[in-house]
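Number of protein chains: 2
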Amino acid sequence: MTSTAWTANTRLRGVFAAGLTLLNEDLSIDAEATIGHTRWLLSHGCDGVLIFGTTGEANSFTVDERLGLIDAIGRSDLPRNRLMIGTGCCAIPDTIALTKRALAIGVHGALLLPPFYYKNVSDDGLFAALAQTIDKIADPRLRAYLYHFPQLTGVPYTHAVIERLLKAYPSTVTGIKDSSGDFANMKAMAQRFQGFDVFSGNEEFLLDVMRVGGVGTISATCNVTCEATQRVYSNWKRAEAESLQATLSAQRKAFTGIAVPPACKAILVRHGGRKTWLTVRPPFTRAQPEAVDALMARLQAASFALPALAA
Amino acid sequence: MTSTAWTANTRLRGVFAAGLTLLNEDLSIDAEATIGHTRWLLSHGCDGVLIFGTTGEANSFTVDERLGLIDAIGRSDLPRNRLMIGTGCCAIPDTIALTKRALAIGVHGALLLPPFYYKNVSDDGLFAALAQTIDKIADPRLRAYLYHFPQLTGVPYTHAVIERLLKAYPSTVTGIKDSSGDFANMKAMAQRFQGFDVFSGNEEFLLDVMRVGGVGTISATCNVTCEATQRVYSNWKRAEAESLQATLSAQRKAFTGIAVPPACKAILVRHGGRKTWLTVRPPFTRAQPEAVDALMARLQAASFALPALAA
Chain A
1 MTSTAWTANT RLRGVFAAGL TLLNEDLSID AEATIGHTRW LLSHGCDGVL IFGTTGEANS
61 FTVDERLGLI DAIGRSDLPR NRLMIGTGCC AIPDTIALTK RALAIGVHGA LLLPPFYYKN
121 VSDDGLFAAL AQTIDKIADP RLRAYLYHFP QLTGVPYTHA VIERLLKAYP STVTGIKDSS
181 GDFANMKAMA QRFQGFDVFS GNEEFLLDVM RVGGVGTISA TCNVTCEATQ RVYSNWKRAE
241 AESLQATLSA QRKAFTGIAV PPACKAILVR HGGRKTWLTV RPPFTRAQPE AVDALMARLQ
301 AASFALPALA A
Chain B
1001 MTSTAWTANT RLRGVFAAGL TLLNEDLSID AEATIGHTRW LLSHGCDGVL IFGTTGEANS
1061 FTVDERLGLI DAIGRSDLPR NRLMIGTGCC AIPDTIALTK RALAIGVHGA LLLPPFYYKN
1121 VSDDGLFAAL AQTIDKIADP RLRAYLYHFP QLTGVPYTHA VIERLLKAYP STVTGIKDSS
1181 GDFANMKAMA QRFQGFDVFS GNEEFLLDVM RVGGVGTISA TCNVTCEATQ RVYSNWKRAE
1241 AESLQATLSA QRKAFTGIAV PPACKAILVR HGGRKTWLTV RPPFTRAQPE AVDALMARLQ
1301 AASFALPALA A
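Protein chains in written order, with our numbering: chain A, 1 to 311; chain B, 1001 to 1311.
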């Protein structure tokens, strides 16, 4: 494990899948399968994997269920320095408990949703929520990434709040996953905040975000586009980057109008995954076979190829 | 307790405050003060109190903290048949655990937020979430009230979903708190769904909702307007109802532009409550004294008078 341990200089960057949480038939977490899928992603194009993002159905699990998977990862051989864990909850003590457990197993990167129930939250209130969280965790190893997804949270991380956080916690507040789909915002943050690592929230913006000083992407669809996404990342300074990105963007666009987590699970099952992996927690529903047929056709038209699963 | 026990015929109706959760200085729940405030509401105009609604900062507490207050209520003398408890969470197992505990202490009315993280949820997905919840609770005593608050959840209870739920669970799905502020929706539901109890989500619509077949209001501002609200409810069939409602609506409108939970806590403190009650969890912030001054002036212009607190 020493070669994969986190050091003070570790910075997460590159291609991250927002990993799926694979379930048993009874909707409990299949930790072994989830860890296996994570390992597969890490050997098929992903520089890292986000555990418990939106795609990982984080908020559909209890804190105890989430702690259970974190502990299972702690017992696994997954490289800690290639993982980020989503820990942001509505209730600050939950965020603190999950983040502490991530740190305890050696994962220093935590992705923090804001408390997302209340809307029209003041900058003071949002800052206080993050400050209280970081203060109570009180661990210099923490690398806090902000999870900006206003379409789902209704609570944007404004630049004013980011600036206050960076000033108050310069060695802790490390970066952001911007899932707004607003490239102008990604660019503005990358240019304004030195040393603040901007990940685009989907791979459609990967080349663009690298060109303005971003560090990579953390994306739902990377559960299946992992290798194509890595081709863009590895070659972003080269001439072929444009055409690689065009192919990748076409693959991403194939998912328009379909719920990504059930769809990605269905694609894995069609490529050799276990049937139980189709399972999702409500409010998601399983992808309809006809919808998956149509998705696969669109993906194949965009030169999509998934490597066979080890399973 | 026998006189206040729930029977099969109990229907919640009338004036409900969405009760404040009062905190200690360290942000933990002050169960004694919260129970005391609930008791005060029940003797100052409220027919009932909702514990852990939006105003009660429900989602800012961990499930264990919420179970702790429910247990404390279970040890108290509060009349079970005048309480409703908000139990809806993003994670279905949390909703189940909280609802079972409410039932265990004799509170049968549970207010169910939909899982509120994901948006653009399908009717099938929302129905499945509620069905799974009700099926796993498997308790014929449960009276499930839907919590419709699209501005905060982004997940409306559509009429199509309500109809399916009423068909599948006719003796369980009992009513709704409609906090949308859309009176046309309250009216349409009251007229379309027989035996489905519609509460307006704030007292501004109390007279209107009673006139179209609704059963009352569950409101944040009733923490302080409780007596004025009861005057409308008790007299809604009389000639003076219009002018009583006009006064009440003016009081409600005094809160425009101010976060209601901190503001109500501040009003209680100005009327004799303990200073620690000003405390709120982020992302709320304490009400600013000047803002409370202005609010009090607006309220007094609207004939507001709060009875002195027992404290």
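Note that CB positions come from ideal geometry on N, CA and C, so glycine has one too.
Only a predicted model underlies this, so the values are computations on that prediction, with no experimental measurement involved.
Item: Sheet register partners of A/G109 (DSSP bridge); Value: A/M84, A/R143
Item: Whole runs of the alpha helix (DSSP H) within the stretch 127-173 of chain A, excluding any shorter than 4 residues; Value: 150-153, 159-168
Item: Own chain residues within Cβ distance below 8 angstroms of A/T2, not counting five before or after; Value: With a pLDDT of 39 at A/T2, under the threshold of 50, the predicted position of this residue should be treated as unreliable, and no value is reported.
Item: CB contact below 8 angstroms: A/A18 versus chain B; Value: no
Item: Residue-level contact to chain A via CB, B/Y1117, 8 angstroms cutoff; Value: yes
Item: Residues in the stretch 140-167 of chain A having any Cβ partner in chain B nearer than 7 angstroms; Value: Q151, L152, G154
Item: Chain B within 8 angstroms of A/C264, Cβ atoms only; Value: no
Item: Members of the stretch 123-134 of chain A near chain B, C-beta cut-off 7 angstroms; Value: D124, G125, L126, A128, A129, Q132
Item: Neighbour flag for B/D1197 against chain A, beta carbons, 8 angstroms; Value: no
Item: When B/A1254, B/A1168, B/F1304 are compared against B/H1271, the one with the closest alpha-carbon; Value: B/F1304
Item: Runs of alpha helix (DSSP H) wholly within the stretch 29-90 of chain A (minimum 4 residues, chain order); Value: 31-42, 63-74
Item: Sequence-distant residues of the same chain with beta carbon closer than 6 angstroms to A/S243, five excluded per side; Value: none
Item: Span separating the alpha-carbon of A/Q288 from that of A/V280; Value: 12 angstroms
Item: Nearest neighbour of A/V82, chosen from A/E203, A/A102, A/N202 [CA to CA]; Value: According to the sequence as given, residue 82 of chain A is Arg; it is not Val. For A/R82, the nearest C-alpha among the options comes from A/A102.
Item: Pair within 8 angstroms by beta-carbon distance, B/A1129 and B/P1114; Value: yes
Item: Buried versus exposed, by CB contacts within 10 Å (16 or more), B/T1285; Value: buried
Item: Enclosing beta strand (DSSP E) for A/A18 [first to last residue]; Value: 14-18
Item: Residues that A/I218 bridges to, as DSSP identifies them; Value: A/F16
Item: Local conformation of B/G1125 per DSSP, three classes; Value: helix
Item: Per DSSP, the bridge partner or partners of A/V198; Value: A/I176
Item: Assigned exposure category for A/N120 - 16 Cβ within 10 Å defines buried; Value: exposed
Item: Short Cβ contact (8 angstroms threshold) for B/T1276 with B/N1024; Value: yes
Item: Chain B residues whose Cβ lies nearer than 9 angstroms to that of A/V292; Value: In chain order: nothing, as chain B lies at least about 16 angstroms away.
Item: CA-to-CA distance, B/T1010 to A/E163, given in whole angstroms; Value: 54 angstroms
Item: Against chain B: residues of the stretch 247-258 of chain A by CB proximity under 8 angstroms; Value: none
Item: Whole alpha helix (DSSP H) elements within the stretch 226-308 of chain A, 4-residue minimum; Value: 241-253, 260-270, 289-301
Item: Beta-carbon neighbours of B/P1307, restricted to chain A and to distances below 7 angstroms; Value: Simply none; closest approach about 29 angstroms.
Item: Where B/L1023 falls: helix, strand or coil (DSSP); Value: strand
Item: Closest by C-alpha distance to B/S1043, when choosing among B/F1016, B/L1146, B/G1154; Value: B/F1016
Item: Buried or exposed by the 16-neighbour rule on C-beta atoms within 10 Å, applied to B/G1195; Value: exposed
Item: Under 7 angstroms by beta carbon: chain B residues contacting A/I35; Value: Here the premise fails: no neighbours, minimum Cβ distance about 21 angstroms.
Item: Which listed residue (B/T1153, B/V1173, B/F1127, B/V1161) has its alpha carbon closest to that of B/L1142; Value: B/V1173
Item: Per-residue burial, B/K1167 [other beta carbons within 10 Å of its own, 16 or more giving buried]; Value: exposed
Item: Alpha helix (DSSP H) segment containing B/K1119, residue limits; Value: No alpha helix (DSSP H) contains B/K1119, which DSSP labels as neither H nor E.
Item: Below-8 angstroms beta-carbon distance, B/S1219 vs any chain A residue; Value: no
Item: Cβ pair A/A220, A/Q251 closer than 8 angstroms; Value: no
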